[in-house]
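**Q** The following block contains the structure, expressed as structure tokens.
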Amino acid sequence: CALPISLVATWATAGLAMSRQARLARLRGAARRLVRAEAGGADRGPEHPLPSHSPALDVLEESLSELDVRVRRQVKDLAKQSRNLMSLIDSLDSPVLATGGDNAVLLCNRAAQDLLGLPADKLIGRDVRLLFTRREVLEMHERARAGEVRRGQVRLTTPGGSRTFQVSATPLPAAWGEGVFGAILVMRDVTELAQAVTVKTDFVANASHELRTPVAALKAAVETLLDGADDEPAMRRRMLEVCGKHILRLEEMVRDLMDLSRLESPDMPVNIGEVDLRDLVEAMHLSFEPACKQRSLRLEFSVEPGLDTVRGDPKLLGLILRNLIDNATKYAYEKTAIVIRITRVDGEGGPMLRLEVTDRGVGIPLAQQERVFERFYQVDPARTGVTSKRGTGLGLAIVKHATKALGGRVGLTSVWGEGTTVWAETPIAPEPSGDQDAQGVAADDDRPLLP
Ligand code: ATP
Ligand code: MG
Numbered sequence: 006c007a008l009p010i011s012l013v014a015t016w017a018t019a020g021l022a023m024s025r026q027a028r029l030a031r032l033r034g035a036a037r038r039l040v041r042a043e044a045g046g047a048d049r050g051p052e053h054p055l056p057s058h059s060p061a062l063d064v065l066e067e068s069l070s071e072l073d074v075r076v077r078r079q080v081k082d083l084a085k086q087s088r089n090l091m092s093l094i095d096s097l098d099s100p101v102l103a104t105g106g107d108n109a110v111l112l113c114n115r116a117a118q119d120l121l122g123l124p125a126d127k128l129i130g131r132d133v134r135l136l137f138t139r140r141e142v143l144e145m146h147e148r149a150r151a152g153e154v155r156r157g158q159v160r161l162t163t164p165g166g167s168r169t170f171q172v173s174a175t176p177l178p179a180a181w182g183e184g185v186f187g188a189i190l191v192m193r194d195v196t197e198l199a200q201a202v203t204v205k206t207d208f209v210a211n212a213s214h215e216l217r218t219p220v221a222a223l224k225a226a227v228e229t230l231l232d233g234a235d236d237e238p239a240m241r242r243r244m245l246e247v248c249g250k251h252i253l254r255l256e257e258m259v260r261d262l263m264d265l266s267r268l269e270s271p272d273m274p275v276n277i278g279e280v281d282l283r284d285l286v287e288a289m290h291l292s293f294e295p296a297c298k299q300r301s302l303r304l305e306f307s308v309e310p311g312l313d314t315v316r317g318d319p320k321l322l323g324l325i326l327r328n329l330i331d332n333a334t335k336y337a338y339e340k341t342a343i344v345i346r347i348t349r350v351d352g353e354g355g356p357m358l359r360l361e362v363t364d365r366g367v368g369i370p371l372a373q374q375e376r377v378f379e380r381f382y383q384v385d386p387a388r389t390g391v392t393s394k395r396g397t398g399l400g401l402a403i404v405k406h407a408t409k410a411l412g413g414r415v416g417l418t419s420v421w422g423e424g425t426t427v428w429a430e431t432p433i434a435p436e437p438s439g440d441q442d443a444q445g446v447a448a449d450d451d452r453p454l455l456p
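Following the working numbering, the numbering of the sequence shown begins with 6 at its first residue and continues without gaps.
Structure, rendered in structure tokens:
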């Protein structure tokens, strides 16, 4: 039988209203679950059916706007965290680069931009293989992309010159789970450290080499004596002379090494006091007279008038002058004069004392003038005029460090085959005021710095 049309219409309207209610209830539930998920799922309450009288749209709107507020807050927090993280990475001295799956740079800090000489916008997205030419870096990066951690030392050319870096390449894990997405390169500048290690290794190698010569000579002389030379007076005397000469050389080397090691230590005490320059000159005269006599050399001292005493460290000044004169007596031509000038000059920070020793002698080739202040560096160990006085190459290193300890500087001018002037300038310490005096003249120590 046919139903009245009005009844069908009422049912249809009621059915439609029911299904809209149900959909709104589902939407509201979904929105609530979303909000709870955003909040960490903390307040998981029971799911209430949508009351028939409930303004479903209002509830839904409320939930969505709450969700909107939370999402916005989270986006803001994430942006803040990302900014903080970036400024943290930027503040690192070491260059940091992160690359993605296609080898393209994803992230780079300021140090990396400085190292590669490119701004961030030119680096991001660029293939890392176009940024580094050193095979070792690219190999480490490749291994890190394959999931391995690699470390190694590499020398790189930077806008500031050639530097040594300790590179660490680590895999960048994929954010969505297992596997590796890219690699992170962290590069620590270890140039100074690498240099210090080289200097130390060289020093030990050089010192052992230098010590071996006199020790070998002593051993040979003692063996000759034991083999019967002791019975022949002339031979015995010769061997004992050889022993004496090499013991002297060992003694000089040990003294030089001790001076140098003291001067290089950062807490090397500088004892400022009154330095009588006439006493200093007198001491040098006495000390070098025999050596000069042997080679018919004249020592000519010239001290600036009025400069009888200065404030400085008498031992260090003596050490500087002794080593400069010692060189001149070795490398000057026979029967020439060695001129020692002591003057006061103007420096940037005030008056300086200039000690200058000039000789007419073999000179130093231009190419080696920079290097003679290095420890153990000798232009040619065999070319000294006095064969018995073959040096070790420590004298000018001692001069440099003693001058540095006094806050001064050293330099030289030399013409190969004609002669050399080596100078050291040290600040003249100001006159003490009141009780500073007692402090300045420190107790004498047992450093064997003066001849
Ligand atoms: P040491 O001083 O330890 O006895 P050394 O004299 O050889 O040995 P330095 O005083 O450090 O060592 O000098 C380094 C090198 O510089 C010397 O070996 C020499 O070649 C060169 N040199 C230094 N002074 C002069 C000079 N006045 N004339 C020519 N060459 C010099
Ligand atoms: Mg010397």
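Glycine included, every Cβ here is placed at the ideal spot set by N, Cα and C.
As the structure is a prediction and not an experimental result, all values here were calculated from the model.
Helix, strand or coil for Thr-104 per DSSP?
**A** Counting from 1 along the sequence shown, the entry for residue 104 is found at position 99. The answer is strand: DSSP assigns Thr-104 an E or B state.
**Q** Is the beta carbon of Pro-295 less than 8 Å from the beta carbon of Gly-354?
**A** For the purposes of this step, residue 295 is taken as the residue at position 290 of the sequence shown. For the purposes of this step, residue 354 is taken as the residue at position 349 of the sequence shown. Cβ atoms of Pro-295 and Gly-354: not closer than 8 Å.
**Q** Would you mind giving the Cβ-Cβ distance between Leu-329 and Val-404, rounded to the nearest angstrom? I have them listed as a contact below 8 Å.
**A** Indexing the sequence shown from 1 puts residue 329 at position 324. Indexing the sequence shown from 1 puts residue 404 at position 399. About 6 Å separates the two Cβ atoms, so the contact holds.
**Q** If we ignore side chains and look at the alpha-carbon of each, how far apart do Phe-186 and Ala-117 end up?
**A** Locating residue 186 in the sequence shown gives position 181, counting from the first residue. Locating residue 117 in the sequence shown gives position 112, counting from the first residue. Rounded to the nearest angstrom, the two C-alpha atoms are 21 Å apart.
**Q** How about Gln-383: is its Cβ closer than 7 Å to a heavy atom in the ligand ATP?
**A** Position 378 of the sequence shown, counted from the start, is the residue given in the question as residue 383. Result yes, Cβ under 7 Å from the ligand ATP.
**Q** One question on the structure: do Leu-285 and His-406 come within less than 8 Å of each other, judged by their Cβ atoms?
**A** On the sequence shown, residue 285 is found 280 positions in, with the first residue counted as 1. On the sequence shown, residue 406 is found 401 positions in, with the first residue counted as 1. Cβ atoms of Leu-285 and His-406: not closer than 8 Å.
**Q** Taking the beta carbon of Leu-121 as the centre, do at least 16 other beta carbons fall within 10 Å, making it buried, or is it exposed?
**A** For the purposes of this step, residue 121 is taken as residue 116 along the sequence shown, with counting starting at 1. Leu-121 should be labelled buried.
**Q** Does any heavy atom of the ligand MG sit closer than 7 Å to the C-beta of Asp-264?
**A** As a working note, residue 264 is residue 259 in the sequence shown. Checking every heavy atom of the ligand MG against the Cβ of Asp-264, none is found closer than 7 Å.
**Q** Rounded to whole angstroms, what's the CA-CA distance from Arg-217 to Thr-162? Just pull it up for me.
**A** Here residue 217 corresponds to residue number 212 of the sequence shown, with the count starting at 1. Here residue 162 corresponds to residue number 157 of the sequence shown, with the count starting at 1. C-alpha separation (whole angstroms): 39 Å.
**Q** Please report the straight-line C-alpha distance between Asp-48 and Arg-37, rounded to a whole angstrom.
**A** Looking up residue 48 in the sequence shown gives position 43. Looking up residue 37 in the sequence shown gives position 32. The pLDDT assigned to Asp-48 is 48, lower than 50, so where the model puts this residue is not dependable; a value taken from the coordinates is nonetheless given after this. Distance between the alpha carbons of Asp-48 and Arg-37 is about 10 Å.
**Q** Where are the alpha helix (DSSP H) runs, 4 residues long or more, that stay fully inside the region 179–242, in chain order?
**A** List check, alpha helix (DSSP H) in window: 196–231.
**Q** Out of curiosity, what's the CA-to-CA distance linking Val-427 and Leu-90?
**A** Stepping through the sequence shown from its first residue, residue 427 is reached at position 422. Stepping through the sequence shown from its first residue, residue 90 is reached at position 85. Going from the Cα of Val-427 to the Cα of Leu-90 covers about 54 Å.
**Q** So Gln-171 packs on Arg-193, CB below 8 Å; how close in whole Å?
**A** The residue given as residue 171 occupies position 166 in the sequence shown. The residue given as residue 193 occupies position 188 in the sequence shown. 4 Å between Cβ atoms; contact.
**Q** Could you check where the alpha helix (DSSP H) with Val-404 kicks off and where it finishes?
**A** On the sequence shown, position 399 is the one that residue 404 refers to. Start and end: 400–410.
**Q** In terms of alpha-carbon separation, which member of Leu-401, Val-350, Thr-363, Gly-106 lies closest to Arg-380?
**A** Here residue 380 refers to the residue found at position 375 when the sequence shown is read from its first residue. That would be Leu-401, whose Cα lies nearest to the Cα of Arg-380.
**Q** Do Arg-303 and Ile-277 have their beta-carbon atoms positioned less than 8 Å apart in this structure?
**A** As a working mapping, residue 277 is identified with position 272 in the sequence shown. As a working mapping, residue 303 is identified with position 298 in the sequence shown. No, the pair does not count as a contact, with Cβ atoms beyond the cut-off.
**Q** CB Ser-5 to CB Gly-368, shorter than 8 Å?
**A** No answer is possible for residue 5: it lies beyond the span of the chain, which begins at 6 and ends at 456.
**Q** If contacts are defined as beta-carbon pairs under 8 Å, then Glu-279 and Arg-316 qualify, I think. What distance do you get, rounded to the angstrom?
**A** To locate residue 279, count along the sequence shown from 1; it is residue 274. To locate residue 316, count along the sequence shown from 1; it is residue 311. With a Cβ gap of about 6 Å, Glu-279 and Arg-316 count as contacting.
**Q** So if I measure from each beta-carbon to every heavy atom of the ligand MG and keep distances below 5 Å, which residues remain?
**A** Result (chain order): Asn-332, Gly-396, Gly-400.
**Q** Can you give me the start and stop residues for the alpha helix (DSSP H) that Met-289 sits inside?
**A** In the sequence shown, residue 289 corresponds to position 284, counting from 1. Segment 282–299, the alpha helix (DSSP H) holding Met-289.
**Q** Could you give the first and the last residue of the continuous alpha helix (DSSP H) run that contains Gly-323?
**A** On the sequence shown, position 318 is the one that residue 323 refers to. It spans 319–336 - the alpha helix (DSSP H) in which Gly-323 sits, taken as one unbroken run.
**Q** Quick check: the region 205–224 against the region 247–254, are there 3 or more CB pairs under 8 Å?
**A** Segments in contact, yes.
**Q** Quick check on the burial criterion: 16 or more other C-beta atoms within 10 angstroms. Buried or exposed for Thr-206?
**A** As a working mapping, residue 206 is identified with position 201 in the sequence shown. Exposed, by the Cβ-count rule.
**Q** Going by beta-carbon coordinates alone, are Thr-397 and Met-263 separated by less than 8 Å?
**A** The residue labelled residue 397 in the question sits at position 392 within the sequence shown. The residue labelled residue 263 in the question sits at position 258 within the sequence shown. No.
**Q** Whole angstroms are fine: how far does the CA of Asp-82 sit from the CA of Glu-66?
**A** Locating residue 66 in the sequence shown gives position 61, counting from the first residue. Locating residue 82 in the sequence shown gives position 77, counting from the first residue. Going from the Cα of Glu-66 to the Cα of Asp-82 covers about 24 Å.
**Q** Measuring alpha carbon to alpha carbon, tell me which residue in Glu-305, Leu-102, Ile-345, Phe-208 is nearest Ala-149.
**A** Position 144 of the sequence shown, counting from 1, holds the residue named residue 149. Considering only alpha carbons, the answer is Leu-102.
**Q** Among all the DSSP beta bridges, which residues are the ones paired with Pro-164?
**A** Here residue 164 is taken as the residue at index 159 of the sequence shown, counted from 1. According to DSSP, Pro-164 bridges with nothing at all.
**Q** Just list the alpha helix (DSSP H) runs in the region 69–155, keeping only unbroken ones of 4 residues or longer that don't cross its boundaries, in chain order.
**A** List check, alpha helix (DSSP H) in window: 115–121, 125–128, 140–150.
**Q** Assuming Ile-325 and Ala-429 make a contact with CB atoms under 8 Å, what is their CB distance in whole Å?
**A** On the sequence shown, position 320 is the one that residue 325 refers to. On the sequence shown, position 424 is the one that residue 429 refers to. At roughly 5 Å, the Cβ-Cβ gap stays under 8 Å, so Ile-325 and Ala-429 are in contact.
**Q** Can you round the beta-carbon distance between Glu-423 and Arg-376 to whole angstroms, since I take them to be within the 8 Å contact cut?
**A** For the purposes of this step, residue 423 is taken as residue 418 along the sequence shown, with counting starting at 1. For the purposes of this step, residue 376 is taken as residue 371 along the sequence shown, with counting starting at 1. With 8 Å as the limit, Glu-423 and Arg-376 do not qualify as a contact, their Cβ atoms being about 19 Å apart.
**Q** If you drop the 5 nearest sequence neighbours on each side, which residues of the same chain put their C-beta closer than 7 Å to that of Pro-100?
**A** Reading the sequence shown from its first residue, position 95 is the one you call residue 100. Correct list, in chain order: Asn-114, Ala-116, Ala-117, Leu-120, Met-192.
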